[in-house]
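Residues are numbered in my numbering as their position in the sequence shown, beginning at 1, plus a constant of 432.
The beta carbon of each residue, even a glycine, is placed where N, CA and C say it ideally should be.
Just so you know, these numbers come straight off a predicted model, no measurement behind them.
A short worksheet on the structure shown next.
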Amino acid sequence: MPHESRGQAVAKAPADALDGAPKSYADVPKLGPPLPGDLGRPILEKQRELDMTGPTDPVADAAARAAQDAETERQRLAAEQRAARQSGVMLQLANGGASPRPGFSSAAQEGRATEAAAPLAPKAERPGRENDLVGRANEGSDGNPHRLEAPVSPWMLQAGSVIAASLITGLNSDLPGIVTAQVTENAYDSVTGRTLLIPQGSRLIGSYDDVVAFGQSRALVVWQRLILPDGASIRIDNAPASDTEGYAGLSDGIDRHSWQLLKGVALSTLLGVGTELGWGSSESDLVRAIRESAQQNGARAGDQLVAKSLDVQPTLKVRPGWPLRVVVHKDMVLRPWRGGTI
């Protein structure tokens with residue numbers, strides 16, 4: 433048959449696309465090493481792994497991850513509790529061979545070691561200066577290096593003694609100046625309290641501070657000299673003055689210059705209103721420019737007036753005859769006043 437011979441001829445004719453193909457597997461070209469960034473092999477391996485494990489459920493995966501996280505947290509807490517039970521109560525900073533000091537308990541020594549081992553907190557995290565002052569008093573050793581000293585003289589007015597007096601001259605903080613006061617009560621020695629050292633009528637010479645901060649209501653007064661009625665005097669090195677209740681400084685009257693501030697505010701307001709009402713509604717460009725310039729200059733002048741008024745510091749005034757107390761801050765060695773005793 434002619435039909436079978438024609439079909440065999442068609443089947444045996446090679447395709448044009450297969451002319452350049454390899455004749456066998458031995459003729460297949462070898463592939464070189466993978467180029468950088470070639471992700472074909474990792475992607476293929478991941479796909480094979482997913483095919484082997486089968487399709488996954490997202491809900492089941494989330495539940496499995498949550499259970500794994502919970503187990504990890506439980507193991508961490510158990511490890512912390514185990515470490516806390518096995519660790520010591522206090523830190524031991526001393527050498528192992530050192531023996532404890534006699535007279536001191538081990539708990540006290542461990543407490544000091546813990547305080548020494550605590551790191552110093554940053555300045556931003558430290559408490560206020562009040563706590564620093566309290567802690568500074570406990571620094572150093574437990575033993576006081578100072579020794580008891582006998583009084584250098586039986587006629588001595590020791591630190592902490594109080595001298596009653598009253599002002600002779602008034603006080604105005606607008607300008608610095610000298611202030612004088614007169615002792616109103618006798619002052620006796622600190623040892624026995626029987627020997628008269630500073631009689632009534634003695635004079636005090638001092639000065640006051642003219643710098644007053646905003647909101648301050650008390651004047652700072654210090655005393656430099658004490659003059660006895662017979663002309664003898666002694667320097668007392670800036671002993672501070674206080675009121676009759678012991679508060680530092682003197683407080684009587686205060687002028688905050690509020691009226692001057694109100695005048696500045698009123699003048700600033702008038703300048704602003706005047707520039708707004710001084711021109712009509714129909715105005716040219718030149719008139720508008722003049723009005724805006726006057727308005728800006730008036731507002732600037734008003735602001736400067738108010739700022740100057742705010743910069744004026746309050747004036748503290750203390751009237752003559754105002755009672756006060758002088759707190760002795762250094763030991764003063766005097767002599768008996770004409771041997772007078774009570």
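*Using 10 angstroms around the beta-carbon of Arg653, count the other beta-carbons present and answer buried if the total reaches 16, otherwise exposed.*
For this step, residue 653 is matched to residue 221 along the sequence shown. Correcting the residue type first, residue 653 is Val in the shown sequence and not Arg. Result: buried.
_By the three-class DSSP mapping on this structure, what secondary structure does Pro755 have?_
As a first step, residue 755 is located in the sequence shown; it is residue number 323 there, counting from the start. In the structure shown, Pro755 sits in a strand (DSSP, three-state: E or B).
*Check whether the Cβ of Asp675 lies closer than 8 Å to any Cβ atom in chain C.*
Annotation note: the requested chain C is absent from the structure, which comprises a single protein chain.
*Which value, in whole angstroms, describes the spacing of the CA atoms of Leu580 and Trp769?*
Here residue 580 refers to the residue found at position 148 of the sequence shown. Here residue 769 refers to the residue found at position 337 of the sequence shown. So the two alpha carbons sit approximately 28 Å from each other.
*asked:* Please give me, in chain order, every unbroken run of the beta strand (DSSP E) with length at least 3 that falls completely inside the region 606–687.
replied: 610–615, 628–630, 635–640, 653–659, 665–674, 685–687
*From which residue to which residue does the beta strand (DSSP E) around Ile595 run?*
In the sequence shown, the residue the question calls residue 595 occupies position 163. That run of the beta strand (DSSP E) goes 594–599.
*How close, in whole Å, do the beta carbons of Arg608 and Asp687 come, if the pair is a contact with beta carbons under 8 Å?*
Position 176 of the sequence shown, counted from the first residue, corresponds to residue 608. Position 255 of the sequence shown, counted from the first residue, corresponds to residue 687. The question names Arg, yet the displayed sequence has Pro at residue 608. Not quite, the Cβ-Cβ distance comes to about 17 Å (not below 8 Å), so this is no contact.
*Would you check if the distance between the CB atom of Ala673 and the CB atom of Gly730 is smaller than 8 Å?*
Reading the sequence shown from its first residue, position 241 is the one you call residue 673. Reading the sequence shown from its first residue, position 298 is the one you call residue 730. Going by C-beta atoms, Ala673 is not nearer than 8 Å to Gly730.
_Sub-8 Å separation of Ile668 and Leu660 beta-carbons_ = Here residue 668 refers to the residue found at position 236 of the sequence shown. Here residue 660 refers to the residue found at position 228 of the sequence shown. No, they are not a contact pair.
*Status (buried if at least 16 other CB within 10 Å, exposed otherwise) for Gly535*: As a working note, residue 535 is residue 103 in the sequence shown. Summary for Gly535: the model assigns pLDDT 42, below 50, so the residue's position carries little reliability, and this model does not support an answer.
_Considering Cα atoms alone, identify which of Leu742, Ile610, Ala498 is closest to Gln656._
Within the sequence shown, the letter at position 224 stands for residue 656. Closest by alpha carbon: Ile610.
*Confirm, please, whether the CB-CB distance from Leu599 to Val738 is below 8 Å.*
Position 306 of the sequence shown, counted from the start, is the residue given in the question as residue 738. Position 167 of the sequence shown, counted from the start, is the residue given in the question as residue 599. No.
*Can you check DSSP and say which residues form a bridge with Asn604?*
On the sequence shown, position 172 is the one that residue 604 refers to. Paired residues: Lys749.
*Where Trp587 and Leu742 are concerned, what is the direct C-alpha to C-alpha distance, given to the nearest angstrom?*
Residue numbering aside, residue 587 sits at position 155 when the sequence shown is read from its first letter. Residue numbering aside, residue 742 sits at position 310 when the sequence shown is read from its first letter. For Trp587 and Leu742, the distance between alpha carbons rounds to 52 Å.
*Between the CA atoms of Ala651 and Asp662 - distance to the nearest angstrom*: What you label residue 662 is simply residue 230 of the sequence shown in a count that begins at 1. What you label residue 651 is simply residue 219 of the sequence shown in a count that begins at 1. Taking the straight line joining both Cα atoms gives about 31 Å.
*Cβ separation of Leu603 and Tyr640, assumed to be a contact under 8 Å, to the nearest whole Å*: Taking the first residue of the sequence shown as 1, we reach residue 603 at position 171. Taking the first residue of the sequence shown as 1, we reach residue 640 at position 208. 6 Å between Cβ atoms; contact.
_Same chain, Cβ closer than 7 Å to Thr601, neighbours up to 5 away in sequence not counted_ = By one-based count along the sequence shown, residue 601 stands at place 169. Counting only Cβ-Cβ distances below 7 Å, and skipping sequence neighbours, we find Val611, Thr612, Pro752.
*For Trp754 versus Leu682, is the C-beta spacing smaller than 8 Å?*
Translated into the one-based positions of the sequence shown, residue 754 becomes position 322. Translated into the one-based positions of the sequence shown, residue 682 becomes position 250. Against a cut-off of 8 Å, the Cβ pair of Leu682 and Trp754 comes out as a contact.
*Look at the Cβ atom of Ala596, then the Cβ atom of Arg757, and state whether they are nearer than 8 Å.*
Along the sequence shown, one-based indexing puts residue 596 at 164. Along the sequence shown, one-based indexing puts residue 757 at 325. It is a contact, given that the beta carbons lie within the stated cut-off.
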